[in-house]
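Peer 1: Supplied in structure tokens, the structure appears directly below.
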Amino acid sequence: MPHSGRVTSELQKIVGRRLREQRQALGLSQEAMAERLGYHRTFLGSVERGERNLTLASVEQLAASLDMAPLDLLKD
Numbered sequence: 055m056p057h058s059g060r061v062t063s064e065l066q067k068i069v070g071r072r073l074r075e076q077r078q079a080l081g082l083s084q085e086a087m088a089e090r091l092g093y094h095r096t097f098l099g100s101v102e103r104g105e106r107n108l109t110l111a112s113v114e115q116l117a118a119s120l121d122m123a124p125l126d127l128l129k130d
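According to our numbering, the sequence shown is numbered sequentially starting from 55.
Structure below.
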């Protein structure tokens with residue numbers, strides 16, 4: 055099934071929104087979360103804005119750091 059850039063962009067936005075919601079629910083700043091993951095704060099910010107196309111391994115790592123299942127980051 056072919057994928058358009060728009061579909062990818064929508065999924066990136068969903069992942070970013072879910073990531074931000076869970077991070078905030080845990081009371082973590084972007085800086086604290088980035089440090090926990092070994093990422094730069096600006097990278098995490100770009101993920102939350104849906105500007106990064108993450109690998110499945112990255113989705114798995116982000117989800118684990120937030121105590122959630124990777125699939126939960128993909129649900130709208």
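Glycine is no exception: its CB is placed at the ideal position from the N, C-alpha and C atoms. Keep in mind it's a predicted model, so treat the numbers as computed, not measured.
Spatial neighbours of Lys129 within its chain, please: C-beta separation below 8 Å, excluding the five flanking residues on both sides.
Peer 2: By 1-based counting over the sequence shown, the position of residue 129 is 75. The residues are Ile68, Arg72.
Peer 1: Please look up how many angstroms separate the CB atoms of Glu102 and Gly70, rounded, as I've assumed it's under 8 Å.
Peer 2: Taking the first residue of the sequence shown as position 1, residue 102 is located at position 48. Taking the first residue of the sequence shown as position 1, residue 70 is located at position 16. Glu102 to Gly70, Cβ: 4 Å. Contact.
Peer 1: In whole angstroms, what separates the C-alpha of Gly81 from that of Gly104?
Peer 2: As a first step, residue 81 must be located in the sequence shown, where it is residue number 27. As a first step, residue 104 must be located in the sequence shown, where it is residue number 50. Gly81 and Gly104: Cα-Cα distance of roughly 21 Å.
Peer 1: Relative to the C-alpha of Leu110, which residue among Asp126, Glu85, Gln78, Arg90 is closest?
Peer 2: Here the question's residue 110 lines up with position 56 in the sequence shown. Asp126 is the residue among Asp126, Glu85, Gln78, Arg90 whose C-alpha sits nearest the C-alpha of Leu110.
Peer 1: Give me, in chain order, the residues of the same chain whose beta-carbon lies closer than 7 Å to that of Leu108; leave out the 5 immediate sequence neighbours on both sides.
Peer 2: Counting from one through the sequence shown, the residue named residue 108 turns up at place 54. These residues qualify, in order along the chain: Val69, Val101.
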